[in-house]
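Read through the structure below, which is laid out as structure tokens, and then see the notes.
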Amino acid sequence: MDQSTRTRMPVAGSADPQILITAIGDSFRKLDPRLLIRNPVMFTVEVVATLVTILFLRDVALGHGHYGFAFQIILWLWFTVLFANFAEAVAEGRGKAQAATLRRSKTESNAKLLRLANGAENKGTDWRSVPAVSLKPGDIVLVEAGDLIPSDGDVIEGVASVDESAITGESAPVIRESGGDRSAVTGGTLVISDWVKVKITAAQGSTFLDRMIALVEGAERQKTPNEIALNILLAGLTIIFVFAVATIPSFASYAGGSTTVLVLVALFVTLIPTTIGALLSAIGIAGMDRLVRFKVLAMSGRAVEAAGDVDTLLLDKTGTITLGNRQATAFIPLTGVSEADLASAAQLASLSDETPEGRSIVVLAKEKQGIRGRDFSSLQAKFIPFSAQTRISGIDSGEGSIRKGAVDAVIAYVRGQTKADIEAAVRELTAKADEIAKAGATPLAVAKDGRLLGVIHLKDIIKGGIKERFQELRRMGIRTVMITGDNPLTAAAIAAESGVDDFLAQATPETKLKLIRQEQAQGKLVAMCGDGTNDAPALAQADVGVAMNTGTMAAREAGNMVDLDSDPTKLIEIVEIGKQLLMTRGALTTFSIANDVAKYFAIIPAMFLAFYPQLQALNIMHLHTPQSAILSAIIFNALIIIALVPLALRGVTYRPLGAAHILRRNLLIYGLGGIIVPFIGIKLIDMAVSAIGLA
């Protein structure tokens, strides 16, 4: 699905006046050295700005010299720090606006407590009302229509329709029920029909909503490994330039001249990589914010960054590659079995199956054979639910023991139930199943009382445009692997039709985990999505584990991202957003380094022209005076930060390109642009400064 067609979480834009006003105040608050020290480059700028400010105030007090030029330099040094703080504050502002919306949805409420965590029953009444904040993990509460779910938990009894718009922004209610992969409920959501009993799983202050608020407002954002490495590099460059600038007075003295502390500070600030140093934090925050707009919560910046470096993408077939609503199209009985008998058994085994496939089997039996109502009281039915381990489901009733499921699983089940020779039936069943699988469809085997009856033909429909998406991922160097419980023949046919690179058939939780570990052992980063408790080990092992919000609490705890829309195809967008984050950081780093090179041609000739006339050859901008050159470079150094804030927040335009192509593109656009823009900008500022008479 194209990104532009996705439902996005409503967030305030960076141009929102309220965000800008708040960001201005936060820019001054962030001048606190205890906060700014996390950004070594801007912390150093603040230190030297403080130093020259103190020297300036001393000179004013003593009545020494002219103050206009010095005051302007100092003013723009402080603007440089404030603009860097402003970039970070604007990025944080959008998250804080979203957090404020979530806080409004978090209301204090009471809970109907049924049983305490220690197992003690309530006495006197069925339930008693207690403050929701007093609930502890293990407590069991009753939630009825009209009640807010008091805290995170798992449904252990009942089924209800729940309004989760406070979390997801979607008004359509969802079903939550005990058992299966839709048992998790979130505190602050509203039950609008029926009732459920919920076992509390989260302590107060650590619920999903609490963590969501902390994440979107940036309170828990930690620097990613690449961001830390780049900060260390920038700090190293800053230290090198400290020593480089410290040696300049000696050279000037040797040439018979001198330089002031103010000029040395101006040179130092233009030498160090202030542009990327100022924007680095904003780029990281904006990357997480872009995920929030697509209704994906990243539990850390590390997960977003890892998404950009993913080598292998594991995708479930059903609902991701196919539409997820396979339809039964035919009953294919074995020799000696009537189609009516096969249809009747298949329908009975599917009566408790609420999947689209199960419902389609029931409908097909009605249409093909006219089989309708069943008397459950006379059947004395016991339904056998589907399990990822057994890959079969069915029913034990007065009409016999019926099983349907994966062909190999049903054959193994029958072999364990009978001592009769079934090999001829197995060969016939396998042949019919292979024919279905070769056509890209899915065969489901049906057995009754230890006898194989035949297969059901289920047709899979490949999503439109998915093949083109996989081609894009291939151009990005990402290997795609389809995971399915189907047999290898069906999996191979669908893999070929969809264009996926590889597939894992008859997948179980153990085989998923094994595949992820094999990929990681080869030095690859792996991304996958899941929603069930059986997906939790693989989600925890994957470098990018995207848990569906509709899934179990175990899955949500195991993953490092949560998709509020519960759309497994969004994994592709998550990878693209991660790559966009890395591309933005790389592009602006390239621009910053090239930008500094251009500034050297403005300020170095201005500083040393008096005692090194040969440097006139470097004054290619032909700036008016040394003072205007220095002031223009400092002004440009500050203004370029503000100019690049929109790009840092929006991110560079994403294209599915290889690493070598991205490097060439960065060098051409942002490297060359980083050299040309300062020459034009500094020259224009110099003309304005000279015309006004500021220097």
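Numbered per the numbering used here, the sequence shown spans residues -2 to 692. From the three backbone atoms N, C-alpha and C, an ideal C-beta is built for every residue, glycine too. Owing to the predicted nature of the structure, the values given are computational and were not obtained by experimental measurement.
So, at 8 Å on beta carbons, what are the nonlocal neighbours of residue i in its own chain, with the 5 sequence-adjacent residues on each side left out?
{"i": "Leu288", "result": "Leu294, Ala295, Val301, Met558, Ile571 and Ile574"}
{"i": "Ile146", "result": "Val140, Val159, Val182, Thr183, Gly184, Gly185, Thr186, Leu187, Val188 and Val195"}
{"i": "Gly121", "result": "Because Gly121 sits at a pLDDT of 43, beneath the cut-off of 50, its placement in the model cannot be relied upon, and the following sentence gives the value as read from the coordinates. Hits under 8 Å: none found."}
{"i": "Ala67", "result": "Val49, Phe53, Asp56 and Leu259"}
{"i": "Glu174", "result": "Val152, Gly155, Val156, Ala157, Ser180 and Val193"}
Out of the options, state which residue places its alpha-carbon closest to the alpha-carbon of residue i.
{"i": "Lys109", "options": "Ala81, Asp144, Arg647 and Arg91", "result": "Asp144"}
{"i": "Leu312", "options": "Arg290, Ile189 and Ile480", "result": "Ile480"}
{"i": "Val696", "options": "Gly298, Ile237, Ile51 and Val266", "result": "No answer is possible for residue 696: the residues shown for the chain start at -2 and end at 692."}
{"i": "Val334", "options": "Gly678, Val443 and Asn616", "result": "Val443"}
{"i": "Trp124", "options": "Ser131, Leu113 and Lys133", "result": "Leu113"}
{"i": "Val307", "options": "Val57, Val478 and Thr427", "result": "Val478"}
{"i": "Ile459", "options": "Ser190, Ile491, Asn107 and Thr505", "result": "Ile491"}
{"i": "Leu581", "options": "Ala551, Val642, Ala535 and Pro610", "result": "For the record, residue 581 in the displayed sequence is Thr; it is not Leu. Among Ala551, Val642, Ala535 and Pro610, the Cα nearest to that of Thr581 is on Val642."}
{"i": "Leu426", "options": "Leu449, Lys416 and Gln414", "result": "Leu449"}
{"i": "Gln377", "options": "Leu234, Leu310 and Asp393", "result": "Asp393"}
{"i": "Asp690", "options": "His621, Thr256, Asp29 and Tyr651", "result": "Rather than Asp, the amino acid found at residue 690 in this sequence is Gly. Checked all of His621, Thr256, Asp29 and Tyr651; the closest Cα to Gly690 is His621."}
{"i": "Ile318", "options": "Asp564, Ile672, Leu654 and Lys576", "result": "Asp564"}
{"i": "Thr235", "options": "Phe380, Gln201, Pro270 and Ile463", "result": "Pro270"}
{"i": "Gln503", "options": "Ala362, Ala406 and Ser247", "result": "Ala406"}
{"i": "Arg466", "options": "Gly527, Leu310 and Ser247", "result": "Leu310"}
{"i": "Thr549", "options": "Gln538, Cys526 and Leu636", "result": "Cys526"}
{"i": "Ile237", "options": "Leu268, Ala537 and Thr256", "result": "Leu268"}
{"i": "Val239", "options": "Ile18, Leu261, Thr508 and Gly22", "result": "Leu261"}
Going by other Cβ atoms of all chains shown within 10 Å of its Cβ, with 16 needed for buried, is residue i buried or exposed?
{"i": "Gln15", "result": "exposed"}
{"i": "Tyr64", "result": "exposed"}
{"i": "Lys27", "result": "buried"}
{"i": "Ala157", "result": "buried"}
{"i": "Pro694", "result": "Residue 694 is absent from the structure shown; the chain starts at -2 and stops at 692."}
{"i": "Ala417", "result": "exposed"}
{"i": "Glu89", "result": "buried"}
{"i": "Val42", "result": "buried"}
{"i": "Ile197", "result": "buried"}
{"i": "Leu501", "result": "buried"}
{"i": "Lys567", "result": "buried"}
{"i": "Asp29", "result": "exposed"}
{"i": "Gln515", "result": "exposed"}
{"i": "Lys93", "result": "buried"}
{"i": "Thr204", "result": "buried"}
{"i": "Gln577", "result": "buried"}
{"i": "Gly284", "result": "buried"}
In terms of DSSP beta bridges, what is residue i paired with?
{"i": "Pro246", "result": "Paired residue(s): none; Pro246 is not in a bridge."}
{"i": "Arg125", "result": "Leu110"}
{"i": "Arg173", "result": "Ala157"}
{"i": "Val391", "result": "Strictly speaking, residue 391 in this sequence is Gly, with Val absent from that position. Ile381 and Arg400."}
{"i": "Lys330", "result": "One detail in the question is off: residue 330 reads as Pro in this sequence, not Lys. Answer is Gly451, bridged to Pro330."}
{"i": "Ala444", "result": "Arg400 and Leu449"}
{"i": "Gln324", "result": "Lys456"}
{"i": "Val193", "result": "Val140 and Gly155"}
{"i": "Val686", "result": "The partner list for Val686 (beta bridge, DSSP) is empty, contrary to what the question assumes."}
May I ask you to check if the CB of residue i is nearer than 7 Å to at least one heavy atom of the ligand HEM?
{"i": "Glu516", "result": "What this structure holds is no ligand at all, so the ligand HEM is not there to describe."}
Grab me the residues of residue i's own chain with a C-beta within less than 6 Å of its C-beta, minus the 5 sequence neighbours each way, in chain order.
{"i": "Ser341", "result": "Ile368"}
{"i": "Thr352", "result": "none"}
{"i": "Ser625", "result": "Asp683, Val686, Ser687 and Ala692"}
{"i": "Ala430", "result": "Val404, Pro440 and Val452"}
{"i": "Thr326", "result": "His454 and Lys456"}
{"i": "Lys680", "result": "Met618"}
{"i": "Gly671", "result": "Phe588, Ala591 and Asn592"}
{"i": "Val721", "result": "Residue 721 lies beyond the stretch modelled for the chain, which goes from -2 to 692, so this question has no answer here."}
{"i": "Ile399", "result": "Ala342, Leu345, Ala346, Gly391, Ile392 and Lys445"}
{"i": "Gly678", "result": "Phe633"}
Skipping 5 residues on each side, what residues in its chain have a beta carbon closer than 7 Å to that of residue i?
{"i": "Leu441", "result": "Lys401, Gly402, Val452, Ile453 and Leu455"}
{"i": "Ala46", "result": "Ile71, Leu74, Trp75 and Val78"}
{"i": "Ala337", "result": "Gln366"}
{"i": "Pro675", "result": "Asn592, Ala595, Lys596 and Phe633"}
{"i": "Ile358", "result": "Ala325, Ala343, Gln344, Ser347 and Ile453"}
{"i": "Gln69", "result": "Leu628 and Leu691"}
Counting only beta-carbon atoms, is residue i nearer than 8 Å to chain D?
{"i": "Ser180", "result": "Absent here is chain D; the protein component of the structure consists of one chain."}
| message | Using 8 Å as the cut-off, can you tell me whether the stretch 589 to 604 makes contact with the stretch 222 to 229, which would need three or more C-beta pairs spanning the two stretches below that distance? | response | The stretch 589 to 604 vs the stretch 222 to 229: no contact.
| task | Evaluate the contact criterion for the stretch 490 to 497 versus the stretch 513 to 527: three or more CB pairs, one atom per stretch, below 8 Å. | result | Contact annotation: the stretch 490 to 497 does not touch the stretch 513 to 527, with fewer than three C-beta pairs closer than 8 Å.
| query | Looking at C-beta atoms only, is the number of pairs between the stretch 665 to 672 and the stretch 484 to 494 that lie closer than 8 Å three or more? | reply | Contact check between the stretch 665 to 672 and the stretch 484 to 494: fewer than three CB pairs, one atom from each, fall below 8 Å, which does not count as touching.
| said: Three or more C-beta pairs under 8 Å: does that hold for the stretch 669 to 688 against the stretch 624 to 636? | reply: Contact between the stretch 669 to 688 and the stretch 624 to 636 is present, with at least three C-beta pairs closer than 8 Å.
| message | So, does the stretch 272 to 280 touch the stretch 71 to 89, judging by three or more C-beta pairs under 8 Å? | response | In short, these stretches touch, since the Cβ pair count reaches three.
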